[in-house]
Amino acid sequence: MSACLSLEKKLKVSCLGPEMSYSHDALIKFFGSSSEASYAHNISDVFRQVDNDVADYGIVPIENSTQGSVKETVENLVTTNLLINGEINLKVSHCLMSLSKNKKSIMKVYAHEQSFQQCEKWLMKYLPNAKLISTTSNSAAVKKVRNMKNAAAIGSVNSSNYYEIPIIHKNINDSSQNSTRFIIISKAEPEISGDDKTSLLISLENKVGALAKIIEPLSKNKISMSKIESIPTKKNNWEYMFLIDIEGHMSDIKIHKTLLEIERKSQFFRNLGSYPKSI
16 MSACLSLEKK LKVSCLGPEM SYSHDALIKF FGSSSEASYA HNISDVFRQV
66 DNDVADYGIV PIENSTQGSV KETVENLVTT NLLINGEINL KVSHCLMSLS
116 KNKKSIMKVY AHEQSFQQCE KWLMKYLPNA KLISTTSNSA AVKKVRNMKN
166 AAAIGSVNSS NYYEIPIIHK NINDSSQNST RFIIISKAEP EISGDDKTSL
216 LISLENKVGA LAKIIEPLSK NKISMSKIES IPTKKNNWEY MFLIDIEGHM
266 SDIKIHKTLL EIERKSQFFR NLGSYPKSI
(Lines of atoms letter the chains of each structure in order from A; the text may use other names.)
(Lines give C-alpha, C1' and ligand atoms only; values in the text may rest on other atoms or scores of the structure.)
Protein backbone atom coordinates (compact mmCIF):
# COMPACT_ATOMS: atom_id res chain seq x y z
CA MET A 16 0.00 0.00 0.00
CA SER A 17 2.77 2.46 1.00
CA ALA A 18 4.59 1.88 -2.32
CA CYS A 19 1.46 2.81 -4.29
CA LEU A 20 0.85 5.89 -2.16
CA SER A 21 4.19 7.39 -3.21
CA LEU A 22 2.86 7.68 -6.76
CA GLU A 23 -0.26 9.59 -5.73
CA LYS A 24 -0.95 13.01 -4.24
CA LYS A 25 0.22 13.66 -0.71
CA LEU A 26 -2.34 12.26 1.71
CA LYS A 27 -3.33 13.78 5.02
CA VAL A 28 -3.09 11.21 7.81
CA SER A 29 -4.34 11.82 11.34
CA CYS A 30 -2.38 10.47 14.30
CA LEU A 31 -1.97 11.10 18.00
CA GLY A 32 0.21 14.18 18.46
CA PRO A 33 2.33 16.09 18.96
CA GLU A 34 5.28 15.27 16.71
CA MET A 35 7.23 12.07 17.39
CA SER A 36 4.53 10.18 19.28
CA TYR A 37 4.64 6.43 18.74
CA SER A 38 1.63 6.87 16.46
CA HIS A 39 3.66 9.36 14.42
CA ASP A 40 6.52 6.81 14.24
CA ALA A 41 4.03 4.21 12.96
CA LEU A 42 2.67 6.72 10.41
CA ILE A 43 6.17 7.36 9.04
CA LYS A 44 6.92 3.64 8.90
CA PHE A 45 3.68 2.82 7.05
CA PHE A 46 3.18 5.82 4.74
CA GLY A 47 6.77 7.02 4.32
CA SER A 48 7.12 10.44 2.71
CA SER A 49 3.80 10.15 0.88
CA SER A 50 1.74 11.76 3.64
CA GLU A 51 1.22 14.89 5.69
CA ALA A 52 0.54 14.35 9.39
CA SER A 53 -2.49 15.92 11.08
CA TYR A 54 -2.00 15.75 14.83
CA ALA A 55 -4.95 14.83 17.05
CA HIS A 56 -5.46 15.40 20.79
CA ASN A 57 -6.58 11.84 21.47
CA ILE A 58 -7.62 8.62 19.71
CA SER A 59 -11.27 9.69 19.43
CA ASP A 60 -10.12 12.88 17.72
CA VAL A 61 -8.30 10.77 15.08
CA PHE A 62 -11.60 9.04 14.29
CA ARG A 63 -13.39 12.40 14.15
CA GLN A 64 -10.85 13.86 11.74
CA VAL A 65 -11.26 10.94 9.33
CA ASP A 66 -15.04 10.83 9.75
CA ASN A 67 -15.29 14.58 9.01
CA ASP A 68 -12.93 14.40 5.99
CA VAL A 69 -10.27 16.50 7.71
CA ALA A 70 -7.89 13.60 7.03
CA ASP A 71 -7.85 10.87 4.37
CA TYR A 72 -6.62 8.21 6.80
CA GLY A 73 -6.03 7.77 10.49
CA ILE A 74 -3.57 5.58 12.34
CA VAL A 75 -4.36 4.41 15.88
CA PRO A 76 -3.02 1.79 18.32
CA ILE A 77 -5.33 -1.17 18.73
CA GLU A 78 -3.28 -3.72 20.67
CA ASN A 79 -0.15 -3.93 22.79
CA SER A 80 1.73 -7.20 23.21
CA THR A 81 1.70 -6.92 27.02
CA GLN A 82 -1.43 -4.85 27.79
CA GLY A 83 -3.94 -6.18 25.23
CA SER A 84 -6.48 -4.12 23.29
CA VAL A 85 -6.67 -0.32 23.47
CA LYS A 86 -10.20 0.34 24.74
CA GLU A 87 -10.61 3.81 23.25
CA THR A 88 -9.83 2.48 19.78
CA VAL A 89 -12.24 -0.46 20.13
CA GLU A 90 -15.01 1.82 21.42
CA ASN A 91 -14.64 4.08 18.37
CA LEU A 92 -14.69 1.09 16.02
CA VAL A 93 -18.06 0.16 17.54
CA THR A 94 -19.61 3.62 17.17
CA THR A 95 -18.29 4.76 13.77
CA ASN A 96 -18.57 3.34 10.25
CA LEU A 97 -14.86 3.64 9.49
CA LEU A 98 -13.03 0.59 8.16
CA ILE A 99 -9.63 -0.89 8.82
CA ASN A 100 -7.42 -0.47 5.73
CA GLY A 101 -4.16 -1.89 7.00
CA GLU A 102 -2.01 -2.66 10.01
CA ILE A 103 1.56 -2.24 11.14
CA ASN A 104 3.49 -3.56 14.13
CA LEU A 105 5.89 -1.21 15.88
CA LYS A 106 8.51 -2.35 18.39
CA VAL A 107 8.22 -0.05 21.39
CA SER A 108 11.33 0.65 23.44
CA HIS A 109 10.62 3.15 26.20
CA CYS A 110 13.28 5.58 27.43
CA LEU A 111 13.34 7.77 30.53
CA MET A 112 14.43 11.30 29.66
CA SER A 113 15.00 14.30 31.85
CA LEU A 114 17.05 17.45 32.34
CA SER A 115 17.98 15.93 35.72
CA LYS A 116 20.94 13.60 35.45
CA ASN A 117 20.28 11.92 38.78
CA LYS A 118 17.20 9.66 38.98
CA LYS A 119 16.93 10.33 42.74
CA SER A 120 16.04 13.98 42.08
CA ILE A 121 13.06 13.10 39.87
CA MET A 122 9.78 13.84 41.65
CA LYS A 123 7.33 13.56 38.72
CA VAL A 124 7.14 11.29 35.67
CA TYR A 125 4.90 12.10 32.69
CA ALA A 126 3.72 9.53 30.14
CA HIS A 127 0.72 7.97 28.45
CA GLU A 128 -1.19 5.70 30.83
CA GLN A 129 -0.36 2.58 28.79
CA SER A 130 3.35 3.36 29.05
CA PHE A 131 3.14 3.46 32.83
CA GLN A 132 1.57 0.00 32.73
CA GLN A 133 4.29 -1.26 30.36
CA CYS A 134 7.05 0.10 32.66
CA GLU A 135 5.38 -0.64 36.00
CA LYS A 136 8.07 -2.91 37.50
CA TRP A 137 10.94 -0.65 36.46
CA LEU A 138 9.25 2.44 37.89
CA MET A 139 8.45 0.67 41.18
CA LYS A 140 12.09 -0.39 41.51
CA TYR A 141 13.90 2.81 40.51
CA LEU A 142 11.37 5.62 41.05
CA PRO A 143 9.02 4.32 43.77
CA ASN A 144 8.30 7.77 45.22
CA ALA A 145 7.81 9.69 41.98
CA LYS A 146 4.34 10.95 41.13
CA LEU A 147 3.06 9.43 37.86
CA ILE A 148 1.11 11.90 35.73
CA SER A 149 -0.79 10.73 32.64
CA THR A 150 -0.68 12.64 29.34
CA THR A 151 -2.49 12.21 26.01
CA SER A 152 0.66 10.78 24.38
CA ASN A 153 4.30 10.14 25.19
CA SER A 154 5.48 12.92 22.88
CA ALA A 155 3.16 15.30 24.77
CA ALA A 156 4.92 14.18 27.96
CA VAL A 157 8.37 14.76 26.48
CA LYS A 158 7.36 18.18 25.16
CA LYS A 159 5.97 19.12 28.59
CA VAL A 160 9.12 18.37 30.61
CA ARG A 161 11.67 20.00 28.30
CA ASN A 162 11.75 23.07 30.56
CA MET A 163 10.98 21.40 33.89
CA LYS A 164 13.34 20.54 36.73
CA ASN A 165 13.03 17.36 38.80
CA ALA A 166 10.67 15.87 36.20
CA ALA A 167 11.02 13.13 33.61
CA ALA A 168 9.08 11.72 30.68
CA ILE A 169 8.77 8.32 29.08
CA GLY A 170 9.13 8.30 25.31
CA SER A 171 11.07 7.13 22.29
CA VAL A 172 14.60 7.88 21.11
CA ASN A 173 13.05 9.88 18.25
CA SER A 174 11.13 12.11 20.67
CA SER A 175 14.29 12.66 22.74
CA ASN A 176 16.18 13.79 19.65
CA TYR A 177 13.33 15.96 18.37
CA TYR A 178 12.69 17.81 21.66
CA GLU A 179 16.38 17.75 22.65
CA ILE A 180 15.95 16.14 26.05
CA PRO A 181 18.71 13.79 27.27
CA ILE A 182 17.94 10.11 27.80
CA ILE A 183 19.04 8.98 31.25
CA HIS A 184 17.88 5.35 30.90
CA LYS A 185 17.00 3.26 27.86
CA ASN A 186 14.75 0.18 27.55
CA ILE A 187 12.76 0.66 30.75
CA ASN A 188 9.74 -1.39 29.56
CA ASP A 189 9.23 -4.54 31.62
CA SER A 190 9.10 -6.79 28.53
CA SER A 191 11.92 -6.76 25.97
CA GLN A 192 9.38 -7.95 23.38
CA ASN A 193 7.13 -4.91 23.85
CA SER A 194 5.35 -4.02 20.59
CA THR A 195 2.16 -2.23 19.56
CA ARG A 196 -0.10 -3.05 16.64
CA PHE A 197 -1.50 -0.01 14.85
CA ILE A 198 -4.38 0.00 12.38
CA ILE A 199 -5.02 2.35 9.48
CA ILE A 200 -8.62 3.58 9.28
CA SER A 201 -10.58 5.32 6.52
CA LYS A 202 -13.96 5.41 4.78
CA ALA A 203 -12.63 3.38 1.83
CA GLU A 204 -12.34 -0.36 1.30
CA PRO A 205 -8.80 -1.43 0.35
CA GLU A 206 -8.13 -3.65 -2.66
CA ILE A 207 -7.50 -7.37 -2.24
CA SER A 208 -3.80 -8.05 -1.67
CA GLY A 209 -3.89 -11.85 -1.71
CA ASP A 210 -2.66 -12.01 1.89
CA ASP A 211 -5.50 -10.46 3.86
CA LYS A 212 -7.29 -10.72 7.17
CA THR A 213 -10.79 -9.69 8.22
CA SER A 214 -11.68 -8.21 11.61
CA LEU A 215 -15.04 -8.45 13.38
CA LEU A 216 -16.65 -7.05 16.51
CA ILE A 217 -19.55 -9.07 17.90
CA SER A 218 -21.60 -9.43 21.05
CA LEU A 219 -23.63 -12.49 22.03
CA GLU A 220 -26.53 -13.50 24.22
CA ASN A 221 -25.44 -14.40 27.74
CA LYS A 222 -26.18 -18.07 27.23
CA VAL A 223 -24.20 -21.26 27.62
CA GLY A 224 -22.70 -22.27 24.28
CA ALA A 225 -23.29 -18.89 22.57
CA LEU A 226 -19.60 -18.45 21.70
CA ALA A 227 -19.32 -22.03 20.46
CA LYS A 228 -22.11 -21.33 17.97
CA ILE A 229 -20.05 -18.45 16.56
CA ILE A 230 -16.86 -20.50 16.31
CA GLU A 231 -18.63 -23.48 14.69
CA PRO A 232 -19.14 -21.86 11.22
CA LEU A 233 -15.44 -20.97 11.09
CA SER A 234 -14.42 -24.53 11.94
CA LYS A 235 -16.98 -26.02 9.56
CA ASN A 236 -15.70 -23.91 6.65
CA LYS A 237 -12.02 -24.35 7.61
CA ILE A 238 -11.42 -20.64 8.14
CA SER A 239 -8.49 -19.90 10.45
CA MET A 240 -9.08 -17.56 13.39
CA SER A 241 -5.87 -15.73 14.32
CA LYS A 242 -7.28 -13.78 17.28
CA ILE A 243 -10.21 -13.67 19.65
CA GLU A 244 -10.35 -11.34 22.64
CA SER A 245 -13.17 -10.54 25.03
CA ILE A 246 -13.61 -6.86 25.83
CA PRO A 247 -15.96 -5.54 28.58
CA THR A 248 -18.75 -3.30 27.32
CA LYS A 249 -19.84 -0.11 29.04
CA LYS A 250 -23.50 -1.17 29.13
CA ASN A 251 -23.77 -3.85 31.81
CA ASN A 252 -21.47 -5.57 34.27
CA TRP A 253 -20.06 -8.86 32.98
CA GLU A 254 -21.19 -8.11 29.41
CA TYR A 255 -18.53 -8.55 26.75
CA MET A 256 -17.82 -7.94 23.09
CA PHE A 257 -15.46 -10.12 21.11
CA LEU A 258 -12.80 -8.81 18.75
CA ILE A 259 -12.07 -11.52 16.18
CA ASP A 260 -9.51 -11.69 13.37
CA ILE A 261 -9.86 -14.35 10.67
CA GLU A 262 -7.61 -15.23 7.74
CA GLY A 263 -8.82 -14.19 4.28
CA HIS A 264 -10.86 -11.51 2.52
CA MET A 265 -14.61 -10.94 2.88
CA SER A 266 -15.03 -11.01 -0.92
CA ASP A 267 -14.18 -14.73 -0.85
CA ILE A 268 -17.55 -16.49 -1.21
CA LYS A 269 -16.76 -18.99 1.57
CA ILE A 270 -15.87 -16.21 4.01
CA HIS A 271 -18.82 -14.07 2.88
CA LYS A 272 -21.30 -16.88 3.65
CA THR A 273 -19.61 -17.61 6.97
CA LEU A 274 -19.86 -13.96 8.02
CA LEU A 275 -23.57 -13.94 7.21
CA GLU A 276 -24.06 -17.00 9.41
CA ILE A 277 -22.10 -15.40 12.28
CA GLU A 278 -24.10 -12.19 11.92
CA ARG A 279 -27.39 -14.11 12.24
CA LYS A 280 -26.20 -15.65 15.51
CA SER A 281 -24.90 -12.38 17.03
CA GLN A 282 -26.69 -9.72 19.07
CA PHE A 283 -24.34 -7.12 17.63
CA PHE A 284 -22.18 -7.58 14.53
CA ARG A 285 -19.78 -5.20 12.84
CA ASN A 286 -17.46 -6.14 10.02
CA LEU A 287 -14.44 -3.88 10.49
CA GLY A 288 -13.10 -4.65 7.03
CA SER A 289 -10.66 -6.84 5.14
CA TYR A 290 -7.11 -5.55 4.72
CA PRO A 291 -3.53 -6.65 4.00
CA LYS A 292 -1.76 -8.38 6.87
CA SER A 293 1.26 -6.68 8.38
CA ILE A 294 4.56 -7.85 6.90
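When we follow this note's numbering, the leftmost residue of the sequence shown carries the number 16, and every step to the right adds one. For every residue, glycine included, the Cβ atom is placed at its ideal position computed from N, Cα and C. Quantities reported herein were computed from a predicted structural model and do not represent experimental measurements.
Residues near residue i in its chain [Cβ-Cβ closer than 7 Å; skip 5 each side]
i, result
"Gln282", "Ser218, Leu219 and Glu220"
"Met112", "Val157, Ala167, Ala168, Gly170, Ser175, Ile180, Pro181, Ile182 and Ile183"
Within 7 Å, strictly: CB atoms of residue i and residue j
i, j, result
"Leu31", "Ser50", "no"
"Leu287", "Ile99", "yes"
"Ser190", "Thr81", "yes"
"Leu147", "Val172", "no"
"Leu42", "Val61", "no"
"Val75", "Thr88", "yes"
"Ile238", "Ile261", "yes"
"Ile200", "Gly83", "no"
Exposure label - residue i; buried when at least 16 CB within 10 Å
i, result
"Ser308", "Here the chain has residues from 16 to 294 only, and residue 308 is not among them."
"Ser120", "exposed"
"Ala227", "exposed"
"Gln192", "exposed"
"Ser208", "exposed"
"Ile230", "exposed"
"Ala203", "exposed"
"Asn236", "exposed"
"Ser245", "exposed"
Residue i versus residue j - alpha carbon distance
i, j, result
"Ala225", "Ser234", "15 Å"
"Phe257", "Ser293", "21 Å"
"Glu102", "Lys212", "10 Å"
"Ile187", "Asp71", "35 Å"
"Thr248", "Lys116", "44 Å"
"Val93", "His264", "20 Å"
"Ile277", "Tyr177", "48 Å"
"Asn57", "Arg63", "10 Å"
"Asp40", "Lys106", "10 Å"
"Asn104", "Gln132", "19 Å"
"Asn153", "His127", "5 Å"
"Arg161", "Asn79", "27 Å"
"Leu138", "Pro232", "46 Å"
"Arg285", "Asn91", "12 Å"
"Ile77", "Ile198", "7 Å"
"Lys272", "Ser241", "19 Å"
Boundaries (first-last residue) of the alpha helix (DSSP H) holding residue i
i, result
"Lys159", "Asn153 to Val160"
"Pro232", "Ala225 to Lys235"
"His271", "Ile268 to Arg279"
"Asn13", "Since the first residue of the chain shown is 16 and the last is 294, residue 13 is not available in this structure."
"Lys136", "Glu135 to Tyr141"
N-terminal and C-terminal residue of the beta strand (DSSP E) that residue i is part of
i, result
"Ile243", "Met240 to Pro247"
"Asp211", "Asp211 to Ser218"
"Thr195", "Ser194 to Ser201"
"Lys27", "Leu26 to Leu31"
"His264", "Careful: His264 lies outside any beta strand (DSSP E) and carries neither H nor E."
Cβ shell of residue i (< 6 Å), same chain only, five flanking positions each side left out
i, result
"Ser21", "The pLDDT assigned to Ser21 is 48, lower than 50, so where the model puts this residue is not dependable, and the model offers no usable value."
"Pro205", "Asn100 and Tyr290"
Residues of its chain near residue i, where Cβ-Cβ distance is below 8 Å and the 5 sequence neighbours each way are ignored
i, result
"Lys24", "none"
"Asn165", "Ser115, Ser120, Ile121, Met122 and Lys123"
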